[in-house]
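Since the structure comes first, as structure tokens, the remarks are kept for the end.
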Amino acid sequence: MAHAVEQPAATPPPRVGKQSDPCIMTIFGAAGDLTARMLIPALHNLARADLLSKEFAVLGVARSQMTDEAFRKRIYDDVKQYCSDCIDPATWDTFSKRFYYFAGDFSDEKLYPQIKDRLTQIDREHSTHQNVFYYLATAPSFFGPIVAKLAATGLMEQSNDHWRRVIIEKPFGHDLESAKTLNQQLLKVADEKQIYRIDHYLGKETVQNIMAFRFANGIFEPVWNRRYIDHVQISVSETVGVEGRGSYFDTAGSLRDMVPNHIMQLISLTAMEPPISFDANAVRDEQAKILHAIQPISDEDVLSRSVRGQYGDGTESGARVTAYRTEPDVAPDSRTETFVAMKLLIDNWRWADVPFYLRTGKRMTARSTQIMIQFRRAPFVLFRDTPVDHLMPNQLVLHIQPEEGISLQFAAKVPGPVMRLGTVDMNFEYQEYFGKQPSTGYERLLHDCMIGDQTLFQRADMVEAGWSIVNPVLDIWKALPPRNFPNYASGTWGPKDADELLERDGRRWRNFEK
Ligand SMILES: NC(=O)c1ccc[n+]([C@@H]2O[C@H](COP(=O)([O-])OP(=O)(O)OC[C@H]3O[C@@H](n4cnc5c(N)ncnc54)[C@H](OP(=O)(O)O)[C@@H]3O)[C@@H](O)[C@H]2O)c1
31 MAHAVEQPAA
41 TPPPRVGKQS
51 DPCIMTIFGA
61 AGDLTARMLI
71 PALHNLARAD
81 LLSKEFAVLG
91 VARSQMTDEA
101 FRKRIYDDVK
111 QYCSDCIDPA
121 TWDTFSKRFY
131 YFAGDFSDEK
141 LYPQIKDRLT
151 QIDREHSTHQ
161 NVFYYLATAP
171 SFFGPIVAKL
181 AATGLMEQSN
191 DHWRRVIIEK
201 PFGHDLESAK
211 TLNQQLLKVA
221 DEKQIYRIDH
231 YLGKETVQNI
241 MAFRFANGIF
251 EPVWNRRYID
261 HVQISVSETV
271 GVEGRGSYFD
281 TAGSLRDMVP
291 NHIMQLISLT
301 AMEPPISFDA
311 NAVRDEQAKI
321 LHAIQPISDE
331 DVLSRSVRGQ
341 YGDGTESGAR
351 VTAYRTEPDV
361 APDSRTETFV
371 AMKLLIDNWR
381 WADVPFYLRT
391 GKRMTARSTQ
401 IMIQFRRAPF
411 VLFRDTPVDH
421 LMPNQLVLHI
431 QPEEGISLQF
441 AAKVPGPVMR
451 LGTVDMNFEY
461 QEYFGKQPST
471 GYERLLHDCM
481 IGDQTLFQRA
491 DMVEAGWSIV
501 NPVLDIWKAL
511 PPRNFPNYAS
521 GTWGPKDADE
531 LLERDGRRWR
541 NFEK
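With the numbering used here applied, the sequence shown has no gaps in its numbers, which climb one by one up to 544 at the end.
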């Protein structure tokens, strides 16, 4: 029997993956929350895993006045606050010396030539080969104008020797028309290959594992179709309310916030055909085909195939909490939905007539993101003369968060002299098998941008396809304001109408205790 050769304790673990290209990351909005909570911890995790080039630097840009030193101190304090076990004292010093800061207003034309000069200096100091990516950790209204000003200053120009890329954060528009406008603004001055539309959901291992699970195992793909699958449920539930984001959320709502982006990504990865390779466009072509195959919801069908809700008073983790309309920066008569459920159908040979039910909401019973695939029941015939009165269908659940794993539910005989059935679970938990890695979900995505891999980023056509699906719902909901808000209590699984959406089809949501 072969034994693994043990490494001496002092040897660092070998790097898994390619080191990033030399480059400068320019963060617009470097004094903000996203930078502090996600971007800096993710960069530090990459440095600790030896995935960051030694020729790497960061230039932070925001309004606050700060020296480079003050910026370094600030990011140290932030990382300590948000991710204390992320700080590795052995690497922090060299890591933080690569950080620089420049104060200015994004709307100021004069800022961009100054950024250009600063990038030239940093490039000289760190030999970053003039590769630069711009991370727009800013309000979406800045995306188009910042990229236009970068281009006008020559800061988006690439050559055979160096690249220029830009990462933008969702929301990519607030409806189909504005998404198209944003794409046009970006594509006027940059190539699609330079644009990385980030959806941090796709940084999660389990989301990436959907492809590995489906395509690296021979046993699932043959049953992954309308012949064996009864329906699919995609459920993204949060226990928290709007958490201080009232002014943004009240203009967006759950449908805009979650469905065209996160949930469409989950649907397309679950339903797509096997791509011919892991090449970015091969994968994204298959995802886009699914988004285009989703049956458009007609105006007449909107009310029977979608449900909206808003939370009222209730309890969260045993404590009393108050209604959405009482949250700071939310209108006291707000009609914004904090819950949405929909029934979608995919018009292709694999999925015809298999409903995909999705729901997402705030202040629900449990925090969980799951994809549940329910298989068709086995024929009952054999059990007719036994005490068994019905058969439970098999359920395969892909757990995305907070637990990451996969479980399969099936029937087993309850021990004893008579034939009785119980439902049992086969469980795989990521953490149990692979241990816990410090991760924000941004590591993989930042690294992919630095090596030029766009697989996990949304392409312009995918963004527009996602909005095309929800746009009729947005229009009808706007024309017919809800009359019964709030219509679900905090701490529950959402409004009764959402249960009825499935009950009409003889199905039920997979609810569970916290
Ligand atoms: N926070 C998250 O976890 C998270 C998650 C997903 C997506 N996002 C998205 O990421 C973006 C940024 O979010 P955030 O939470 O980091 O926002 P934030 O905390 O409000 O930070 C905004 C940053 O932009 C800077 N800024 C604003 N206006 C400016 C201007 N005119 N000129 C120069 N700098 C300006 C601010 O600088 P000063 O402070 O110096 O004024 C600050 O550094 C948003 O689009 C958000 O929707 C955030």
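Beta carbons: idealized from backbone N, C-alpha and C, even for Gly.
Range of the contiguous alpha helix (DSSP H) that encloses residue i
i, result
"ASN75", "70-78"
"GLU473", "473-481"
"SER284", "284-288"
"LYS218", "206-219"
"MET241", "235-245"
"ILE152", "141-156"
"GLY174", "173-182"
"PHE464", "460-464"
Nearest to residue i (by Cα), restricted to the options the options
i, options, result
"LYS223", "ASP205, TRP193 and LYS200", "TRP193"
"SER298", "ARG406, ILE240, SER126 and ILE436", "ILE240"
"ALA301", "VAL448, LEU421, ALA323 and PRO358", "ALA323"
"GLN238", "LEU510, ILE225, GLY446 and LEU475", "LEU475"
"LYS146", "GLN160, HIS156, PRO170 and ASP529", "GLN160"
"PRO252", "GLY276, GLU303 and GLN295", "GLU303"
"PHE458", "ILE436, SER469 and GLN467", "ILE436"
"TRP379", "ALA528, GLU494, ILE320 and LEU69", "ILE320"
"PRO305", "ALA349, ALA246, LEU212 and MET288", "ALA246"
"TYR142", "LYS218, THR56 and GLY521", "THR56"
"SER347", "ASP363, MET394 and ASN424", "MET394"
"GLU85", "ASP115, TYR258 and THR158", "THR158"
"PRO52", "VAL88, ALA66, GLU235 and ASN541", "VAL88"
"VAL272", "ILE264, VAL262, SER265 and GLY283", "GLY283"
"GLU543", "SER126, SER398, ILE70 and THR97", "SER398"
DSSP state of residue i mapped onto helix, strand, coil
i, result
"PRO362", "coil"
"HIS429", "strand"
"MET302", "coil"
"GLN95", "coil"
"VAL332", "helix"
"ASP505", "helix"
"GLU316", "helix"
"LYS526", "helix"
"ASP135", "coil"
"THR65", "helix"
"GLN340", "coil"
"ASP391", "According to the sequence provided, residue 391 is Gly. The question's Asp does not apply to it. Three-state result, GLY391: strand."
"ASP280", "helix"
"PRO252", "helix"
"ARG540", "coil"
"GLY271", "coil"
"LYS373", "strand"
"ALA39", "Any reading at ALA39 needs caution, since the residue's pLDDT is 41, under 50, leaving its predicted position unreliable; the model's value is listed next. Note: ALA39 maps to coil in three-state DSSP."
"ALA32", "Annotation note: pLDDT 37 at ALA32 (below 50); position unreliable, coordinate value reported separately. It is coil, neither helix nor strand."
Host beta strand (DSSP E) of residue i (start-end)
i, result
"ALA550", "No statement about residue 550 is possible, as the shown extent of the chain runs from 31 to 544 and does not include it."
"ASN267", "According to the sequence displayed, residue 267 carries Ser and not Asn. Here the beta strand (DSSP E) through SER267 covers 259-267."
"VAL384", "Per DSSP, VAL384 belongs to no beta strand (DSSP E) and is neither H nor E."
"THR121", "Note, THR121: premise wrong, no beta strand (DSSP E); alpha helix (DSSP H) at 119-126."
"PHE86", "86-92"
"ILE57", "53-58"
"VAL351", "349-351"
"ASP535", "Unbroken run through ASP535: none, as it is neither H nor E."
"TYR226", "225-228"
"TYR164", "162-166"
"SER520", "518-520"
Check: residue i C-beta below 7 Å from any heavy atom of ligand 2
i, result
"ALA87", "Because ligand 2 does not appear in the structure shown, any question about it cannot be addressed here, the ligands present being ligand 1."
Proximity test, residue i beta-carbon vs ligand 1 heavy atom, cut-off 7 Å
i, result
"MET288", "no"
"HIS230", "yes"
"GLU199", "yes"
"SER157", "no"
"MET68", "yes"
"ASP63", "yes"
"PRO170", "yes"
"ALA92", "yes"
"GLY59", "yes"
"SER137", "yes"
"ALA361", "no"
"ALA167", "yes"
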